[in-house]
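Below is one structure, written out as C-alpha cells, with a few remarks after it.
Residue numbers (our numbering), protein chains in the order written: chain A, 71 to 319; chain B, 71 to 319.
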C-alpha cells in the first residue's frame, strides 16, 4: 500500500481531475465514492486504484487483488469528495466495456436526459427490470458525473450502459425484430395498447422537450401515460418505471 | 402595490422566516417561488401576498385580485430564494384545507419518506394518476420545504395533501371498504396479484427502512415489485409510480 498525504502530489492531482468530464473522456477512467459504489465496482472488476482515507478500513471480505491501494490523508480525501458527508473511500475505475446482443433484448434509450438524478434513477430501474442495456444518446448528461453514479446505486456495474447514436440504434433494433416505442404526448397511444412481455426498446426524452420528433418518426409507435388529474406530466424517471415494468410484462 | 427595498423591513424578515419549518408551522403560511408554482397557487386561490422583484413583470392574464402585491429590490428577492437561478417572483400562501371523502377513493400514504425530491415527485405522480388524496405520516419530510414544493411542480395545489396518523387512516380506510396495501420485500406478494381498477390505499415507506412493520401488520396485504436484475431495490418514487398506475387500472 502506498501513502499520499499532499493534495499537490501528481497522482492526487490526477484523481481530482477525474471530477471533470474532460479528463474522464481523455483517460477512459472515472472516480466512484462511498462504500456501496466502491464495493459494486470491485465486484464488477473495474477498479484500478482503491483510495482510502486514514480514518477508514477496507471491509472484511472485499476482493481488492486487482486494485492498487492508496492510503491518503483526510484532507486529500475531502478534496476528492463531492458529498456533504464523505465516507473516505474512492475507486478509480476503467469504463466497463460491453458486448450487446440485440435480438430478443429489452432496451432503454435516452434522448437528451439532462438531470443527473433522473439518469441514475433510470439506470437503476433498468437494472431492476432486468433490461439488456441502456443506450445514452447525444445530449444526455455524462454517465460518470458523481451525482449520476450515486443515483444509480451501483446499477451501472450490473448492465451495459453505453453511448450511441439513437437513430442508428433504432434501425438496428427494428432490423432485429425489436419493437421500438417512442414516448410523446401527441400522436401517441395509451401505453396499455402496446403488447407486454416481448422484446422492446423504449425511448425516453429530455425533461422539457421530450424525445426529438425526428427520432419519434423512426419508431414503430409512440406511447403515452394517461394523466387522470391536473398534473401536466410525470417525472421522466417515474414514467420510465411505469412503462418499463408494463412492457416487460 | 407596496414597495420594500430593505431586507431589514419587518415584513421582509417575516417572509425570510418562512424558509424555516418552525415559522411555517406557527403561521400556517408557506412561501412558493417561481412563475409556475406561483401561477398554480394563484389558480388554487391560496395566495395572500405576491412578491415580485423590480426586474420582473406579472404575466398577463394572472388573477391577482385576492393577493396583496409587493414590489421588492433584487437584493431582497435574492435573499428569499432557495435556487441558483432565482426568478424574482414569490407568493406567501395559506396552507390549503381539505375535505376528503374516503369511500371509493384512491390514496397514497407515506410513512417516513425523507428525501424532498422523492416526496414532491410522489405528490406529482398521485396528481397525474388522479388519486383522491396523499396522506403524510409522522417522520415524513415537511411538505412546505422549498425542494418538495419545486418537485411537486404545483401538484400540491391539485389534490389534498394532508398530515395524519397513518394507523388511524388505515383503520378508517378499511372500515370504508378501501383495500389497503403495504409495500415490503418480505411477507409480500407480487403487485400484479392485487386487483386493478378499484378503490385502494397504497403505503410507501422510508427510503432506507421501508414501511414500519407495525403498520404493515394493519394492512390487507403487502405488495412487492419483482427485481429481475441485480439492483437491490427501486427508487421509492419510481416504485410508487409503477404501483399507483397498476392499481388504478
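All C-beta atoms, glycine included, are put in the ideal place defined by N, C-alpha and C.
Contact with chain A is found for residue 197 of chain B, since one of that chain's Cβ atoms lies less than 7 angstroms from the residue's Cβ. Proximity to residue 214 of chain B across B/186, B/240 and B/284 peaks at B/186, based on C-alpha coordinates. For residue 306 of chain A, the enclosing alpha helix (DSSP H) stretches over residues 306-318. A contact is defined here as three or more CB-CB pairs under 8 angstroms, and the segment 209-223 of chain A meets this definition with respect to the segment 179-196 of chain A. Under the 7 angstroms criterion on CB atoms, residue 220 of chain B is classed as non-interfacial with respect to chain A. Secondary structure remark: continuous alpha helix (DSSP H) runs of at least 4 residues inside the segment 175-224 of chain B, in chain order: 186-198 and 216-222. Contact note: residue 308 of chain B reaches chain A through 191, 195, 307, 308 and 311, using a C-beta cutoff of 7 angstroms and chain order. The beta-carbon of residue 304 of chain B is placed less than 7 angstroms from the nearest beta-carbon of chain A. Proximity of residue 200 of chain B to chain A, defined by a Cβ-Cβ separation below 7 angstroms, is satisfied. Think of a sphere of 9 angstroms around the beta carbon of residue 223 of chain B: the chain A residues whose beta carbon falls inside it are 301, 302, 303 and 305, in chain order. Non-local beta-carbon contacts of residue 250 of chain A in its own chain, meaning distances under 6 angstroms to residues more than five positions away in sequence, involve 240, 243, 244, 271, 289 and 290 in chain order. Separation of residue 206 of chain B and residue 316 of chain B (C-alpha to C-alpha, rounded to the nearest whole angstrom) is 21 angstroms. Residue burial annotation: residue 95 of chain B is exposed, with fewer than 16 other C-beta atoms found within 10 angstroms of its C-beta. Excluding residues up to 5 positions away in sequence, 158 and 159 lie with their Cβ nearer than 6 angstroms to the Cβ of residue 126 of chain A in the same chain. When CB distances to chain B are screened at a threshold of 9 angstroms, the residues of the segment 279-299 of chain A falling below it are 295, 296, 297, 298 and 299, in chain order. Counting only the Cα atoms, residue 112 of chain B lies some 9 angstroms from residue 120 of chain B.
Residue burial annotation: residue 173 of chain B is exposed, with fewer than 16 other C-beta atoms found within 10 angstroms of its C-beta. Cβ proximity to chain B below 8 angstroms picks out nothing from the segment 234-266 of chain A. Collapsing the DSSP output to three states places residue 72 of chain B in a strand. Between the alpha carbons of residue 114 of chain B and residue 193 of chain B lies a distance of about 16 angstroms. Comparing C-alpha distances from residue 77 of chain B to each of B/286, B/149 and B/303 shows the shortest one belongs to B/149.
Taking a Cβ-Cβ threshold of 9 angstroms, the residues of chain B close to residue 228 of chain A are 299, 300 and 301, in chain order. Restricted to the segment 112-182 of chain A, the alpha helix (DSSP H) segments that are unbroken, complete and at least 4 residues in length are 144-150, listed in chain order.
Ranked by how close their Cα comes to the Cα of residue 298 of chain B, the residues A/195, A/170, A/135 and A/104 have A/195 in first place.
Our two residues, residue 307 of chain B and residue 261 of chain B, have alpha carbons roughly 16 angstroms apart in a direct line. When the beta-carbon positions are compared, residue 287 of chain A and residue 281 of chain A stay at least 7 angstroms from each other. Contact with chain A is found for residue 315 of chain B, since one of that chain's Cβ atoms lies less than 7 angstroms from the residue's Cβ.
Taking a C-beta cut-off of 9 angstroms against chain A, the contacting residues of the segment 156-187 of chain B are 187, listed in chain order. Within the DSSP secondary-structure output, residue 247 of chain B pairs in no beta bridge. Secondary structure at residue 253 of chain B: strand, using DSSP grouped into helix, strand and coil.
DSSP places residue 291 of chain A in the strand class (E or B) of the three-state scheme.
Going by DSSP, residue 82 of chain B is part of the alpha helix (DSSP H) stretching over 80-87. Within the same chain, and ignoring the five residues on either side of residue 216 of chain A in sequence, the residues whose Cβ sits closer than 6 angstroms to its Cβ are 152.
A straight-line Cα-Cα distance of about 52 angstroms links residue 138 of chain A and residue 233 of chain B.
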